[in-house]
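Beneath this line is the structure, given in structure tokens, with notes to follow.
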Amino acid sequence: MKTLITLTVNGDAHELYVDARRTLLDVLRNELGLMGAHRGCDSGDCGACTVIVNAQPVTSCMMLAADWNGAEILTVEGMAQDGQLHPIQRALVEKGGIQCGFCTPGFVMNIKALLDENPKPSEDEVRAWLAGNLCRCTGYAKIVEAALSVAEGTS
Amino acid sequence: MTDTPLIGQRVPKLDAPNKATGKTTYGHDVRLPGMLHGRILYSRYPHAKIIRLDTSRAEKLRGVKCVLTPKDNPPHLFGYGKDNKPFKDVARSSRDEIAGVVATDPDIAEEALSLIEADYELLPNIFSPREALAEGALLIHPEHGSNLFQRYNYSHGDLAQGESDSAVVVEEKFLLPYVSHVCMETSVVVAQFDHRGHLTLWSTTQIPFLLQRDLSEALGISGSNVRIIQTAVGGAFGRGLDIYPYEPIAALMSRKTGQPVRVAFSREEEFLAGPARQPAEVIARAGANADGTLTFRDVSCMLDVGAYISWGTVTPLVMMETTASLYQVPHARFTADCVYTNNLITGAMRGYGNPQSTFFIETLMDRLAEALNMDPVDFRIMNANVPNSTTPQGLVITSCGLKECLEAVAASADRSVAQEAPSSSSKKSSMMEQGNNGNLPPYLKRGIGFASTLNVGGGARIYRSDGCGATVKVDDFGHVTLVTGSTEIGQGSETVLAQIVAQTLGVRIENVTVLNSDTDIKPWDVGVHASRTTFIAGNAAYLAAVDARNQIFETASQLLGVDADQLSAREGQVAVKNEAGKSISLEQVARRRHFREGGKVILGEGWYDPPTQLVDKDTYKGNISAAYGFGAQMAEVEVDTETGKVRVLRLACANDVGHAINPMAVEGQIEGGAQMGLGYALTEELIVKDGKVLNPDLLDYRLFTSADMPIIETHIIETDDPGGPFGAKGVGEMGGTPTAAAIANAIYDAVGVRMNQVPMTPERVLAALDAKA
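Residue numbers (numbering that gives the first Met the number 0), protein chains in the order written: chain A, 0 to 154; chain B, 0 to 772.
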């Protein structure tokens with residue numbers, strides 16, 4: 000069964016017929032060609048598919064697209080503006096918070112969600128907030144450092 | 000250092016901006032016109048004959064293109080042990096592929112799998128190496144003639160002499176678990192046969208050229224008809240070090256359908272069918288004389304390599320190296336049996352045997368120090384490897400900063416002790432000795448522990464070539480393109496190689512492009528493994544850049560009318576030394592060199608194969624690497640004696656990396672390695688029962704998260720290796736190698752129990768505390 004929905008993704012409205020079984024991650028990747036959100040587990044455990052839906056960070060692999068008619072969605076592709084990296088992206092690049100990079104888009108989006116809610120988090124707050132995003136390369140130190148540097152405006 | 004402004008700089012990764020913005024194409028992102036989706040059916044039982052396979056219902060499902068079965072197998076075996084084939088008619092493990100479906104949609108393919116009917120005739124299961132080696136045990140691969148695939152038997156010196164020289168001897172049995180790489184991107188491949196019979200494979204492999212050969216042999220086609228294109232790799236850590244059945248399966252699927260076929264693992268499949276680190280049972284014994292000099296080590300290992308052989312079977316070579324050559328060991332013996340069972344397949348994983356062996360060797364070191372009543376750091380320094388020495392095993396140690404590494408982490412421990420107990424004057428590298436428990440509640444106990452590591456740092460000759468090729472082109476915009484045989488797998492090699500080339504040619508790093516992903520374009524390389532890329536590919540890139548620079552200077556010397564040895568390359572210019580203002584731009588040199596009769600391009604070439612040896616096939620002696628990396632760690636832990644939970648408060652890591660070409664990348668390797676080492680020590684275990692994995696998901700297989708991580712202190716020790724590019728040695732695998740031992744030793748310091756099994760879970764720590772009480 001397919002449902003007609005409208006999603007606004009990174010400011011662009013898309014009218015889509017979606018199969019009831021399709022997750023938001025499926026739709027972003029396979030219908031809209033936005034490959035930045037990654038499928039790491041398909042069970043909400045790794046956070047690589049994190050996007051922001053109606054101002055909340057979500058694991059898009061755990062959400063059925065058909066439930067989100069009218070939603071405003073921000074993905075990693077919508078973060079850089081006018082050809083300039085978003086400060087979170089720039090900090091991750093400059094602090095060495097990116098190695099294989101598969102987890103990076105999820106971290107970018109979840110750090111944004113954190114700083115939107117709590118612009119001056121402590122290191123413990125950053126670490127606790129990001130505990131749902133797994134990284135196998137960096138040991139998190141430089142990701143946490145990047146997030147704090149954005150919060151402190153030192154990036 | 001003014002002449003090397005790019006070397007030693009914290010240059011951000013060149014590929015990071017695209018990764019930060021979602022623009023990078025990973026294996027999972029590859030989409031080709033007409034691409035189909037393949038799924039694999041695995042055996043229901045770990046050891047069984049498939050006596051009937053009915054695919055008719057699956058074939059009739061709308062959207063299914065074809066179903067493949069053992070009848071579609073080419074007649075060739077593949078894999079390191081040449082014992083594997085795409086589809087099995089006898090399943091030897093519960094991850095054995097018995098059929099595959101190709102469909103227009105992954106969900107249809109998945110549904111079709113459920114429509115395949117299989118009848119099995121069960122065979123006796125063998126789930127332990129001891130059972131497998133028992134008299135009269137059923138042979139898992141009858142054609143091999145034995146369940147013992149390989150026995151390693153190494154010795155140096157005279158063990159009896161070592162025993163008799165010993166004032167103290169310690170012996171323990173250690174148990175080591177299955178561990179998974181848990182790359183954030185699961186295994187994926189896209190295969191496309193074209194109408195000329197050429198196969199292109201989009202792959203996340205670490206060994207494109209060996210895979211090209213392995214795949215051509217598995218399929219019975221010429222290697223010249225196989226092209227491997229490496230996509231961006233979402234983590235590797237040794238997973239991509241061999242050919243695995245899903246790769247020829249995808250190729251067979253494409254050949255049969257005439258369309259590109261993608262096979263992508265689910266996370267569950269990744270845990271079940273990936274090449275786990277093999278479990279081992281180890282008995283290790285060591286001695287020292289009364290003044291604290293090591294006398295001997297004697298280690299025997301039993302490795303469960305599972306149902307098929309992969310490169311993991313070679314990890315005893317590394318365990319042997321730790322046993323025989325970490326510290327100065329006058330007498331040593333090491334034996335290992337690699338045994339077939341009906342368990343998971345096992346393979347190579349970061350450290351390649353070293354996290355395992357360092358766990359038992361460094362635990363024994365701590366016991367010896369205790370038996371001798373010596374400070375554990377003093378004892379280690381006293382026995383440490385030294386520069387310009389050759390170990391009895393034949394390792395030629397050039398640069399060596401082991402002592403400096405130990406001193407660095409000991410100083411870190413002293414700082415901690417000084418903070419916690421300023422009145423203490425004891426020099427003991429121990430908290431328990433000082434009765435230092437601060438103001439903690441009585442059920443929390445703190446301790447510190449140490450461990451070191453020795454790791455190949457200048458390649459590792461486990462294949463007849465340990466070489467890498469490179470070319471460097473300078474175009475008529477002065478832009479430089481490095482084509483390297485080596486591969487970026489996230490570790491940052493692309494950036495480090497670009498730094499080496501940019502430095503050598505005197506151009507900005509922005510003016511260097513690195514191409515490293517296509518076997519049709521790049522020169523040969525053995526693969527990304529053994530922490531070899533900075534050293535081996537770095538030397539190759541350097542040689543290619545020097546060759547290009549010579550060509551530049553040849554032309555520039557004609558244009559400027561001076562001898563080539565009077566020239567230097569800086570800031571995109573070729574300048575005459577000691578003559579300010581007399582220079583010519585690189586792009587002018589490039590253009591003037593080729594826009595003329597008899598013109599030439601600037602194209603430098605480099606091939607580097609280190610001056611090392613394959614180990615002798617009988618004695619296992621030989622200098623396998625052109626340099627050795629060293630490291631030490633200090634773990635500070637807090638043990639909850641009521642729950643058994645161990646919290647690591649701090650991990651100080653010192654690594655001798657020769658020279659850090661990019662300190663930020665070095666720190667990244669150490670910090671990331673620490674995350675894996677911490678997991679190996681405390682949380683990560685693939686629980687396998689009756690041949691099946693009980694925890695194939697990220698909730699039940701626990702990685703350290705950002706909230707779990709302790710403070711990681713990194714200390715980069717520089718010893719300037721004579722053979723390394725700009726003095727550098729490899730560091731990729733050392734970060735997590737000593738961690739489990741350092742934590743085990745810290746637990747002992749805190750609560751007085753010796754942990755001989757990893758992961759050191761709360762249950763195991765509590766059981767040890769109960770046994771002690």
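Glycine included, every Cβ here is placed at the ideal spot set by N, Cα and C.
Hey, how far is the Cα of residue i from the Cα of residue j?
i	j	result
Gly-131 (chain A)	Gly-105 (chain A)	10 Å
Val-189 (chain B)	His-27 (chain B)	9 Å
Val-63 (chain B)	Tyr-462 (chain B)	42 Å
Gly-196 (chain B)	Leu-613 (chain B)	36 Å
Leu-702 (chain B)	Gly-138 (chain A)	11 Å
Ser-113 (chain B)	Gly-273 (chain B)	22 Å
Glu-116 (chain A)	Leu-5 (chain B)	39 Å
Ile-142 (chain A)	Leu-91 (chain A)	6 Å
Lys-84 (chain B)	Gly-657 (chain B)	43 Å
Give me the residue from the options with the minimum Cα distance to residue i.
i	options	result
Gly-598 (chain B)	B:Ala-579, B:Thr-554, B:Arg-463 and B:Asp-104	B:Thr-554
Leu-293 (chain B)	B:Ile-107, B:Glu-162 and B:Gln-355	B:Glu-162
Gln-632 (chain B)	B:Lys-728, B:Asp-546, B:Arg-463 and B:Leu-405	B:Leu-405
Gly-21 (chain B)	A:Leu-23, A:Leu-27 and A:Thr-22	A:Leu-27
Ala-131 (chain B)	B:Val-29, B:Ala-306, B:Ile-660 and B:Asp-617	B:Ala-306
Arg-569 (chain B)	B:Gly-560, B:Ser-584, B:Ala-469 and B:Ser-556	B:Ser-584
Lys-81 (chain B)	B:Ala-727, B:Asp-106 and B:Glu-142	B:Glu-142
Gly-690 (chain B)	B:Leu-67, B:Pro-123 and B:Glu-116	B:Pro-123
Ser-145 (chain B)	B:Gly-135, B:Ser-411, B:Ile-488 and B:Pro-105	B:Gly-135
Arg-91 (chain B)	B:Met-34, B:Asn-341 and B:Lys-70	B:Asn-341
Tyr-619 (chain B)	B:Asp-720, B:Gly-393 and B:Gln-674	B:Gly-393
Ala-739 (chain B)	B:Asp-719, B:Cys-652 and B:Ala-706	B:Cys-652
Ala-335 (chain B)	B:Val-298, B:Glu-369, B:Pro-329 and B:Ser-202	B:Val-298
Ile-360 (chain B)	B:Trp-201, B:Cys-65, B:Gly-571 and B:Met-754	B:Met-754
Going along chain A in order, which residues have a C-beta closer than 7 Å to the C-beta of residue i?
i	result
Thr-704 (chain B)	Ala-130 and Leu-133
Val-188 (chain B)	Residues of chain A passing the Cβ test: none, with the nearest at roughly 16 Å.
Gln-490 (chain B)	Gln-98
Ile-711 (chain B)	Gly-138 and Ala-140
Glu-246 (chain B)	Result: empty, since nearest Cβ-Cβ is about 20 Å, beyond 7 Å.
Quick one: which chain B residues come within Cβ less than 9 Å of residue i?
i	result
Met-78 (chain A)	Ala-19, Thr-20 and Gly-21
Leu-114 (chain A)	Correct list: empty, because the minimum Cβ distance to chain B is about 15 Å.
Report the neighbours of residue i on chain B: residues whose CB is nearer than 7 Å to its CB, in chain order.
i	result
Pro-104 (chain A)	Gly-21
Taking C-beta to C-beta, are residue i and residue j nearer than 8 Å?
i	j	result
Gly-400 (chain B)	Leu-240 (chain B)	no
Gly-523 (chain B)	Phe-208 (chain B)	Position check: residue 523 (chain B) holds Trp in this sequence, whereas Gly was assumed. Contact: yes.
Leu-363 (chain B)	Val-338 (chain B)	no
Gly-676 (chain B)	Ser-530 (chain B)	no
Ala-235 (chain B)	Cys-300 (chain B)	no
Val-757 (chain B)	Phe-270 (chain B)	no
Leu-129 (chain A)	Pro-120 (chain A)	no
Asn-353 (chain B)	Val-304 (chain B)	no
Val-482 (chain B)	Ala-497 (chain B)	no
Ser-265 (chain B)	Asp-41 (chain A)	yes
Taking 8 Å as the threshold (beta carbon to beta carbon), is residue i in contact with chain A?
i	result
Ser-265 (chain B)	yes
Asp-164 (chain B)	no
Val-181 (chain B)	yes
Asp-28 (chain B)	yes
Asp-696 (chain B)	yes
Gly-144 (chain B)	no
Met-663 (chain B)	yes
Ala-634 (chain B)	no
Answer with yes or no whether the minimum CB distance from residue i to chain B is below 8 Å.
i	result
His-13 (chain A)	no
Cys-48 (chain A)	no
Cys-60 (chain A)	no
Leu-91 (chain A)	yes
Ser-121 (chain A)	no
Ala-127 (chain A)	yes
Leu-84 (chain A)	yes
Just the chain A side, please: which residues come within less than 8 Å of residue i by C-beta, in chain order?
i	result
Gly-234 (chain B)	Cys-99, Phe-101, Arg-135 and Cys-136
Using the beta-carbon of each residue, which ones in chain D are nearer than 7 Å to residue i?
i	result
Lys-644 (chain B)	No chain D is part of this structure, whose protein chains are labelled A and B.
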